[in-house]
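Trainee: Residue 1149 in the numbering used here sits at position 246 of the sequence shown, and the numbers go up by one each step. All residues carry an ideal CB built from backbone N, CA and C; glycine is no exception. Owing to the predicted nature of the structure, the values given are computational and were not obtained by experimental measurement.
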Amino acid sequence: MKIVSFSLEQTNKYFGKIDGNRFFIGTRVPFENFKGLMNVNGVSTQRYNRVDFRETYGFWADFIHPTATAEGGFFHTLNTYDRARFTFSFLQYGAHVPNGDFVTYFRALLKLPLAGDYFPDLKVENNRVVRLTDNGSVVLETDSSTEGLMDYLNPSLSEVEDTEVIQAAKLVHWVQNDPQHKLVQIDVGIKHFKAKMVEYAALYKLDGKPDIICLVICDIRHQGRGKSATIKAALQSANPLKALLEIGEPKYHERLVVIRREINKLVAEGTFGKRKYSVSKKDFITD
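1. Can you tell which of T1007, K938 and D1081 has its C-alpha closest to the C-alpha of H979?
2. On a CA-only basis, which of K1168, V1170 and R1128 is nearest E1153? Give me that one, please.
3. In angstroms with no decimal places, state the Cα-to-Cα distance between Y1155 and N1038.
4. For E958, is the classification buried or exposed, using 16 other Cβ atoms within 10 angstroms of its Cβ as the cut-off for buried?
5. Buried or exposed: where does G1173 fall if 16 or more other Cβ atoms within 10 Å of its Cβ makes it buried?
6. Of all the beta strand (DSSP E) runs that stay within the bounds of the segment 920-989, which reach a length of 3 or more residues?
7. Please report the residue range of the beta strand (DSSP E) in which V1063 lies.
8. Provide the residue span of the beta strand (DSSP E) that contains G1039, from first to last.
9. Could you tell me which of V1041, V1101, A1072 and D1020 sits nearest to M904, measuring between CA atoms?
10. Candidates L1017, Q1083 and P969: which alpha carbon is nearest L994's?
11. Measure the beta-carbon distance from T1147 to F966 and round it to whole angstroms, keeping in mind my assumption that it falls under 8 Å.
12. Of the residues L981, D922, N952 and D1004, which one's Cα is nearest the Cα of F1096?
13. Could you tell me the alpha carbon to alpha carbon distance between R1124 and E1165, rounded to whole angstroms?
14. Using three-state DSSP, classify K1026 as helix, strand or coil.
15. CA-CA distance, L1169 and E1102?
16. Helix, strand or coil for T1133 per DSSP?
17. Look at the alpha carbon of I921 and the alpha carbon of W1077, and state the distance between them as a whole number of angstroms.
18. Out of curiosity, what's the CA-to-CA distance linking M1053 and K1099?
19. From V954 to L1086, what distance separates their C-alpha atoms?
20. Cβ of Q949 within 7 Å of Cβ of F977?
21. Cα separation between V1063 and S1183?
22. According to the neighbour-count rule (16 or more other Cβ atoms, all chains shown, within 10 Å of its Cβ), is Q1139 buried or exposed?
23. Can I899 and A1072 be called in contact, C-beta distance under 7 Å?
24. Could you spell out where the alpha helix (DSSP H) holding K1085 opens and where it closes?
25. Using C-beta distances below 6 Å, list every residue in its chain close to H1084, excluding the 5 sequence neighbours before and after it, in chain order.
26. With DSSP as the reference, label T1189 as helix, strand or coil.
27. What does S910 pair with, by DSSP beta-bridge criteria?
28. Select from N952, I1162 and E974 the residue whose C-alpha is nearest the C-alpha of A964.
29. Taking a contact to mean a Cβ-Cβ separation below 7 Å, would you say R1031 touches V1041 in this structure?
Following this line, the structure appears as structure tokens:
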């Protein structure tokens, strides 16, 4: 079992130690009326690199790149200060969505060989995350709620609790020291985007639409900065890409700067701009 110790230093920075290894957990930050942890710092080897995963996932490794970059890109990217209560991974999976990306990811993590070392009181039963107690298993997430799982990871948004720091420390340390953990993040993220493209293709009539249009829609929905009516209106405009890239301005201007920049890079290198989405193949195809 991994024993976590931590310290608060420089007024607002938490550092942890597991197995004698000291590492940065996150910075204590305020957000609106909430408080939580944030970690968007690291070195290049801790960041998602699409080239490393092309052999396994093909174009999809590139497709998720702009969103991954906008979300922080580090495998230990952490946010515990907003309504999701606990967000983690290079794509920032949020714990507030029943059967969502974080829940899917966490279920997969608990099946890895090191799961018992980091979370000895958790396991997956009947495809649900459960907590083992003296009185039996307690289900932490269902089809309608993840309240139990959020409470387990981050008891409240009013303050940074020891529990929140410890659970964050476990995930940060685990992904930085176990390649299998990192691979789970990638696999869950790409499968999630593939599944969402099937859904969005039907909802927004994206059969035959360019890869760039599809990526921007996926990013809008991943972040939640635009409703379907707004997306549909943009698609009907004279310049759909321009209209889609304006959804979220000015509130999310910094994120949109990153999305535009990364899309332009992918177009310049010839990765974006050559493919269209095929509903029948559930994949992108070249012209």
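Mentor: If we stick to the structure as given:
1. Counting from one through the sequence shown, the residue named residue 979 turns up at place 76. The option with the nearest alpha carbon to H979 is D1081.
2. In the sequence shown, residue 1153 corresponds to position 250, counting from 1. One detail in the question is off: residue 1153 reads as Pro in this sequence, not Glu. When each option's Cα is compared against that of P1153, the closest is R1128.
3. Locating residue 1155 in the sequence shown gives position 252, counting from the first residue. Locating residue 1038 in the sequence shown gives position 135, counting from the first residue. Approximately 46 Å, taken between the alpha carbons.
4. As a working note, residue 958 is residue 55 in the sequence shown. Counting of Cβ neighbours within 10 angstroms places E958 among the exposed residues, the total staying below 16.
5. Within the sequence shown, the letter at position 270 stands for residue 1173. Classification of G1173: exposed, given that the 10 Å Cβ count is below 16.
6. Taken in chain order, the whole beta strand (DSSP E) runs of length 3 or more contained in the segment 920-989 are 924-934 and 937-942.
7. As a position in the sequence shown, residue 1063 is number 160, starting the count at 1. No beta strand (DSSP E) contains V1063, which DSSP labels as neither H nor E.
8. Taking the sequence shown and counting its residues from 1, the one referred to as residue 1039 is at position 136. For G1039, the uninterrupted beta strand (DSSP E) run begins and ends at G1039 to V1042, by DSSP.
9. As a first step, residue 904 must be located in the sequence shown, where it is residue number 1. Taking only the C-alpha atoms, the option nearest M904 is D1020.
10. Counted from its first residue, the sequence shown places residue 994 at position 91. For L994, the nearest C-alpha among the options comes from P969.
11. Mapped onto the sequence shown, residue 1147 falls at position 244. Mapped onto the sequence shown, residue 966 falls at position 63. The sequence shown places Leu at residue 1147, rather than the Thr named in the question. The pair is not a contact, with the Cβ atoms about 16 Å apart (cut-off 8 Å).
12. Within the sequence shown, numbered from 1, the residue matching residue 1096 stands at position 193. Looking from the CA of F1096, the closest CA among L981, D922, N952 and D1004 belongs to D1004.
13. Translated into positions along the sequence shown, residue 1124 becomes position 221. Translated into positions along the sequence shown, residue 1165 becomes position 262. Rounded to whole angstroms, R1124 to E1165 spans 18 Å at the Cα level.
14. Working through the sequence shown from its first residue, we reach residue 1026 at position 123. The answer is strand: DSSP assigns K1026 an E or B state.
15. Start at 1 with the first residue of the sequence shown, and residue 1169 comes out as number 266. Start at 1 with the first residue of the sequence shown, and residue 1102 comes out as number 199. Roughly 24 Å between the two C-alpha positions.
16. For the purposes of this step, residue 1133 is taken as the residue at position 230 of the sequence shown. Reduced to three states, the DSSP call for T1133 is helix.
17. For the purposes of this step, residue 921 is identified with residue 18 of the sequence shown, where counting begins at 1. For the purposes of this step, residue 1077 is identified with residue 174 of the sequence shown, where counting begins at 1. For the pair I921 and W1077, the Cα-to-Cα distance works out to about 10 Å.
18. In the sequence shown, the residue the question calls residue 1053 occupies position 150. In the sequence shown, the residue the question calls residue 1099 occupies position 196. Rounded to whole angstroms, the gap between the alpha carbons of M1053 and K1099 is 24 Å.
19. Here residue 954 refers to the residue found at position 51 when the sequence shown is read from its first residue. Here residue 1086 refers to the residue found at position 183 when the sequence shown is read from its first residue. V954 and L1086: Cα-Cα distance of roughly 14 Å.
20. Counted from its first residue, the sequence shown places residue 949 at position 46. Counted from its first residue, the sequence shown places residue 977 at position 74. At a Cβ-Cβ threshold of 7 Å, Q949 and F977 count as neighbours.
21. Stepping through the sequence shown from its first residue, residue 1063 is reached at position 160. Stepping through the sequence shown from its first residue, residue 1183 is reached at position 280. In a straight line, the C-alpha of V1063 is about 48 Å away from that of S1183.
22. Here residue 1139 refers to the residue found at position 236 of the sequence shown. Counting the other Cβ atoms within 10 Å of the Cβ of Q1139 gives fewer than 16, which makes it exposed.
23. Limits of the chain in this structure are 904 at one end and 1190 at the other, which puts residue 899 out of reach.
24. By 1-based counting over the sequence shown, the position of residue 1085 is 182. P1082 to Y1107 is the extent of the alpha helix (DSSP H) around K1085.
25. As a first step, residue 1084 is located in the sequence shown; it is residue number 181 there, counting from the start. Apart from the 5 residues on each side of it in sequence, H1084 sits with its Cβ closer than 6 Å to the Cβ of W1077 and V1078 in its chain, given in chain order.
26. Counted from its first residue, the sequence shown places residue 1189 at position 286. Here T1189 carries a strand assignment [DSSP, helix/strand/coil].
27. Indexing the sequence shown from 1 puts residue 910 at position 7. For S910, which the question treats as bridged, DSSP gives the partners F918.
28. Taking the sequence shown and counting its residues from 1, the one referred to as residue 964 is at position 61. When each option's Cα is compared against that of A964, the closest is N952.
29. In the sequence shown, the residue the question calls residue 1031 occupies position 128. In the sequence shown, the residue the question calls residue 1041 occupies position 138. Their beta carbons are not under 7 Å apart, which means R1031 does not touch V1041 by this criterion.
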